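In this note's numbering, the protein residues as written are 11 to 255.
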């Protein structure tokens, strides 16, 4: 009995040391997650404030809803979505009004996301180029090569193809004659058409549930949503299910 009690004592001491190490690891991990979450939440609030300022004439709850769902149809966290839509949407909203400006910018961003998921291109770089090419008609030539395969490489070809598709009026003889708002809408529509012609429209959503790369990207975005408070743990679980299936 004496020997048995001594053995139990030794086992108990060893086990407790293990528990102590485990608890320390859990606490450290939890502390790190809390710190990340606080930072993410602060960034999210700042971006949401930007949405309110840029699109102050429309119901911004629609934008926030789109942001919370971007993890599955664009592989973007809500933060990344708002950051991208704010940078591009500000210009669009100024020229064509908040609601139409937002929808037009969103259409272009979706096309870019599908193109990026299908080709491996960097969506952040493409969004920067999208912002630059849509500023004015004079910026087209210097940026068009960044969208090779989905946009015509010359202003003349862009004008002809946009007119043939019904995106621009046939009255314009040169791209520089096109009003900025009409040009911006044509850019988004031509991006969508170019991606569709490559059979990549909707590719992000398809890859999110059918490929390892896409499902992992969705999982990453859903986790970032959970940290920022723009998504719940259910989204993370749902995304993880696709990653391991």
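C-beta atoms are modelled at their ideal positions from N, C-alpha and C, and glycine is treated no differently.
All figures in this text were calculated on a predicted structure; none of them were measured in a lab.
Sequence-distant Cβ neighbours of residue 155 in its own chain, meaning closer than 8 Å and more than five residues away, are 163. Taking residue 91 as reference, the option from 118, 69, 66, 107 with the minimal CA-CA separation is 118. Rounded to the nearest whole angstrom, the C-alpha separation of residue 140 and residue 221 is 27 Å. Classified as buried, residue 124 has 16 or more neighbouring CB atoms from the shown chains inside 10 Å of its CB.
Residue 58 has its alpha-carbon roughly 16 Å from the corresponding atom of residue 109. By the C-beta density criterion, residue 172 is buried, having at least 16 other C-beta atoms within 10 angstroms. Shown here for residue 150: same chain residues with a beta carbon closer than 8 Å to its own, the five before and five after excluded, namely 143, 165, 168, 185 in chain order. Out of 83, 116, 148, 239, the CA that lies nearest to the CA of residue 55 is found in 239. Between residue 94 and residue 137, the CB-CB gap stays under 7 Å. Comparing C-alpha distances from residue 105 to each of 192, 178, 249, 204 shows the shortest one belongs to 192. Per DSSP, residue 237 is one residue of the alpha helix (DSSP H) stretching across 222 to 238. The beta carbon of residue 233 is closer than 6 Å to those of 246 in its chain, skipping five residues each way along the sequence. For residue 128, the enclosing alpha helix (DSSP H) covers residues 108 to 129.
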